[in-house]
Amino acid sequence: MTGRGVSGPRVVIAPPVPALLGRYASLQDPVGPLRAACAGAVGWLDEPVRVLADDGQGHAVAESLLGRPADAAGGNLLVMANGSACRTEKAPGHLDPRAAGFDARLGALLAAGDLAGLAALDRGLGRDLLAAGLESLAGLQALGLQVASATIDYDDDPFGVQYWVVRWQCES
Amino acid sequence: MTLRLRSRAFADDATLMMAIVNRTPDSFYDQGATWAEEAAYERVVLVAAQGAEIVDIGGIKAAPGAEISVAEEKARVVDFVARVRETHPELVISVDTWRAEVGDAVCAAGADVLNDAWGGADPELVDVAAAYGAGIVCTHTGGVRVRTRPHRIEYDDVVAAVIADTTAYAERALAAGVPRESIVIDPAHDFGKNTFHSLEVTRRLDEMVATGWPVLVSLSNKDFVGETLDLPVGQRLTGTLAATAVSAWHGARVYRVHEVVETRQVVDTVWSIAGRRPPARAIRGLA
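Protein sequences, first through last, are from chains Z and F.
Per numbering that gives the first Met the number 0, residue 0 is the first one in the first sequence, and the count goes up by one each step.
Per numbering that gives the first Met the number 0, residue 0 is the first one in the second sequence, and the count goes up by one each step.
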């Protein structure tokens with residue numbers, strides 16, 4: 000895919016990690032590289048930006064990343080989602096053997112900008128694996144977006160939780 | 000209040016470890032372990048590596064004992080201060096002395112703070128601090144003379160007496176020209192106090208903090224801890240750290256200590272519990 004010269008809506012997918020919130024700041028940032036990737040991607044979004052999140056915590060993290068309240072409407076989107084939280088024995092949800100396959104599938108769909116695939120993802124399995132934002136990801140298909148290019152800014156699981164920061168340039 | 004100790008400034012939420020370095024043959028805790036200059040120097044190197052912001056170098060033990068002349072005290076500390084100044088430019092150097100003449104010599108050699116454990120016994124000490132822009136620690140001794148033990152001292156209200164005397168001393172230092180941000184007050188546990196007095200001062204340290212002057216506490220392995228637990232010197236660390244935790248909760252800023260690492264961990268933990276310091280690195284439940 001190529002997004003060169005495309006001027007349609009921009010979409011960022013970022014994980015709703017509470018450690019990104021100012022009220023949970025530490026002396027040493029445990030999520031420094033993730034925070035930097037999120038800041039870069041969010042800075043790429045032109046205003047107005049609408050936030051899609053599955054819960055209040057997701058909205059709070061999104062507004063923390065934006066540094067302002069989200070807009071009620073707008074073509075550019077900040078979607079708060081992440082993969083499983085069951086990738087290792089030390090992970091929040093302990094090790095689940097299904098996590099790696101689920102995350103591989105979700106990662107491929109995000110990299111491909113495959114909205115139909117995201118809508119068809121097994122969200123029950125995702126809930127079991129403590130994945131976040133799957134309802135928001137599934138809802139993207141109904142918005143009629145056409146992803147022209149996808150850029151993966153971050154792809155890691157530092158605490159046994161799979162995070163991505165992804166930028167989609169859509170066609171207008 | 001921001002603390003400025005000559006060249007170094009510390010934000011008003013910072014806590015500081017002041018490590019005791021004795022150039023004495025007879026101090027109560029270490030029994031002369033750092034009497035030799037090399038041993039004292041090795042202790043400076045150790046406590047600096049452990050993260051102490053301040054070293055407090057003393058040439059005379061606090062307890063009664065052989066008279067130490069000015070010349071002898073200077074021989075013990077002045078050249079040593081100069082050596083530490085040269086090798087540890089980042090370290091705040093405090094000297095535990097009540098004598099203005101000694102204070103003058105150590106400030107000329109690079110000391111940043113005069114820790115007057117005897118509450119202004121030599122009235123010219125504040126002038127020395129002012130002349131060099133050095134900090135000064137204003138302690139409460141309850142009027143006892145230098146290097147004497149308390150005997151049957153009573154107070155109507157020990158905390159009121161501590162606050163009255165230390166803040167009066169601080170005002171005197173200010174009037175002499177010591178910068179406001181370079182003046183610290185110290186209730187001086189055990190000095191002019193029985194164990195009940197020292198416990199009450201600890202319990203009510205918030206009243207001292209409320210004066211606005213930065214508070215230094217010197218609790219380390221002292222008799223009030225020993226008498227509270229009926230434990231000899233050498234077995235008072237846990238009790239010392241308990242008193243440290245209470246002092247930190249109340250907001251003490253400077254901790255004069257033998258054990259730097261343990262005290263730093265206690266103070267940091269309490270400071271975080273009090274909401275004055277973020278955790279070092281928190282991710283539990285937040286990933």
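By construction, the Cβ of each residue, glycine as well, lies at the ideal position given by its N, Cα and C atoms.
Owing to the predicted nature of the structure, the values given are computational and were not obtained by experimental measurement.
Next item on the list: Determine the DSSP secondary structure at Z:I12, reduced to helix, strand or coil.
Entry: strand
Check: Would the beta-carbon of F:D25 fall within 8 Å of that of F:K60?
Finding: Closer than 8 Å, so yes.
Note to self: Quick check: F:R263 and F:L2, are their CB atoms within less than 8 Å of each other?
What the structure shows: no
Notebook entry, point to check: Nearest-angstrom Cα distance between F:M17 and F:R255?
Noted result: Straight through space, the alpha carbons of F:R255 and F:M17 are spaced by roughly 5 Å.
Checklist line | Start-end ranges of the beta strand (DSSP E) lying completely within the segment 94-165 of chain Z, minimum 3 residues | finding: Counting only unbroken stretches of 3 or more residues, the beta strand (DSSP E) elements lying wholly within the segment 94-165 of chain Z are 146-155, in sequence order.
Note to self: Could you pull the DSSP bridge partners for Z:Q168 from this structure?
What the structure shows: Z:R9, Z:S148
Check: Residues in its own chain within less than 8 Å of F:V208 by CB, not counting five upstream and five downstream?
Finding: V214, H249, G250, A251
Item checked: Sub-8 Å separation of F:A128 and F:V177 beta-carbons -> yes
Check: For F:I272, which residues from the same chain have a beta carbon less than 7 Å from its beta carbon, with the 5 sequence-adjacent residues on both sides left out?
Finding: Cβ within range, chain order: n/a, list empty.
Checklist line | Environment of F:F195 [buried if 16+ CB atoms lie within 10 Å] | finding: exposed
Next item on the list: May I have the straight-line CA-CA distance separating F:D189 from F:F79, to the nearest angstrom?
Entry: So the alpha carbons of these two residues sit roughly 28 Å apart.
Next item on the list: Specify the secondary structure class of F:F27 as computed by DSSP and reduced to three states.
Entry: coil
Margin query: List, from N- to C-terminal side, the alpha helix (DSSP H) runs of 4 residues or more that fit wholly inside the segment 60-91 of chain Z.
Written below: none
Notebook entry, point to check: Does the distance from the CB of Z:E170 to the CB of Z:Q140 come in under 8 Å?
Noted result: By the CB criterion at 8 Å, Z:E170 and Z:Q140 fall outside the cutoff.
Item checked: Z:V41 in three-state terms, based on DSSP -> Helix at Z:V41.
Check: Run through DSSP, which three-state label would F:Y254 get?
Finding: strand
Notebook entry, point to check: Nearest chain Z C-beta to F:A286 closer than 8 Å, yes or no?
Noted result: At least one chain Z Cβ lies under 8 Å of F:A286.
Notebook entry, point to check: Since F:K192 contacts F:P149 with CB under 8 Å, what's their CB separation in whole angstroms?
Noted result: 6 Å
Item checked: F:I282 at chain Z interface by Cβ criterion, 8 Å -> Answer yes: the Cβ-Cβ gap between F:I282 and chain Z drops below 8 Å somewhere.
Next item on the list: State yes or no: is the beta carbon of Z:A18 nearer than 8 Å to at least one beta carbon in chain F?
Entry: yes
Next item on the list: Identify whether F:V46 lies in helix, strand or coil by the three-state DSSP scheme.
Entry: helix
Next item on the list: Please work out which residues of its chain come closer than 8 Å, Cβ to Cβ, to Z:A69, disregarding the five sequence neighbours upstream and downstream, and give them in chain order.
Entry: V48, R49, V50, H58, A61, E62, L77
Check: Quick one: Cα of F:L236 to Cα of F:N220, how far?
Finding: 6 Å
Notebook entry, point to check: Roughly how many whole angstroms lie between the Cα atoms of F:E36 and F:R42?
Noted result: Roughly 10 Å separates the two Cα atoms.
Next item on the list: Let me know if Z:G55 comes out buried or exposed under the rule of 16 or more other beta-carbons within 10 Å of its beta-carbon.
Entry: exposed
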